Structure formats: C-alpha cells, structure tokens
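Engineer: Okay, handing you the structure first.
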Amino acid sequence: MLGVVGVIESAMDSDGPPACAKQWAGVRGVSNADANLMVECDDEIDKWCAKHHPEDPDDCSNNITIDGDDRNVGKN
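Position in the sequence shown (from 1) plus 75 gives the number in my numbering.
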C-alpha cells in the first residue's frame with residue numbers, strides 16, 4: 076500500500092512554537108525521510124526556544140518536543 080506524506084509547513088502561529096512541533100509530538104516508528112523532517116523541526120524548536128525562552132532553552136525544547144506546544148514551558 077502506498078502512502079502519501081504531506082508537505083510540512085514550518086509556519087509560526089501567532090509567534091508560538093514552530094507548527095511542526097504538533098505534528099511530531101509523541102511520534103514513534105517513522106521512516107528515514109520523516110526522521111530527517113523531525114530533525115529539521117527540532118532545529119526550528121531549538122531556535123524558537125533560544126529566542127523566546129533564553130532563561131532555559133533546553134527545558135523549553137524538551138517541553139515543546141513532548142507536548143507539541145509551549146503550554147508547560149517554565150512550569151516545573
């Protein structure tokens with residue numbers, strides 16, 4: 076069976092985390108092509124966190140990668 080992989084847009088919604096974060100949050104067992112897109116998304120998330128949460132960009136990146144958004148960033 077053939078599958079179609081949609082084009083991923085990394086558009087920013089109201090200056091929030093990259094839109095790709097929602098798509099990849101919690102995803103497992105992806106193809107090599109999808110893994111490359113996930114790495115690109117991780118880079119976008121890291122850049123966004125460095126700009127918007129310079130006090131703790133690593134925690135920010137981890138939270139967005141897990142949740143797909145920034146609702147838990149800064150909540151410990």
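Beta carbons are placed, not taken as given, at the ideal position from N, Cα and C, and that holds for glycine.
A quick note: this is a predicted structure, and the numbers were derived from the prediction, not measured.
1. Can you list, in chain order, the residues of its chain with a C-beta nearer than 6 Å to that of Lys150? Leave out the 5 residues immediately preceding and following it.
2. Which of the three DSSP states is assigned to Pro132 in this structure?
3. Please list the terminal residues of the continuous alpha helix (DSSP H) segment that includes Asn111.
4. Give the straight-line distance between the Cα atoms of Ala96 and Ala108, rounded to the nearest whole angstrom.
5. Start and end of the alpha helix (DSSP H) containing Ala96?
Structural biologist: Looking at the atomic coordinates:
1. As a position in the sequence shown, residue 150 is number 75, starting the count at 1. Nothing listed; no residue qualifies.
2. Within the sequence shown, residue 132 is the residue found at index 57, counting from 1. Pro132 falls in the helix class under three-state DSSP.
3. Along the sequence shown, one-based indexing puts residue 111 at 36. Per DSSP, Asn111 belongs to the alpha helix (DSSP H) from 107 to 127.
4. Residue numbering aside, residue 96 sits at position 21 when the sequence shown is read from its first letter. Residue numbering aside, residue 108 sits at position 33 when the sequence shown is read from its first letter. Answer to the nearest angstrom: the Cα atoms are 16 Å apart.
5. Position 21 of the sequence shown, counted from the first residue, corresponds to residue 96. 95 to 99 is the extent of the alpha helix (DSSP H) around Ala96.
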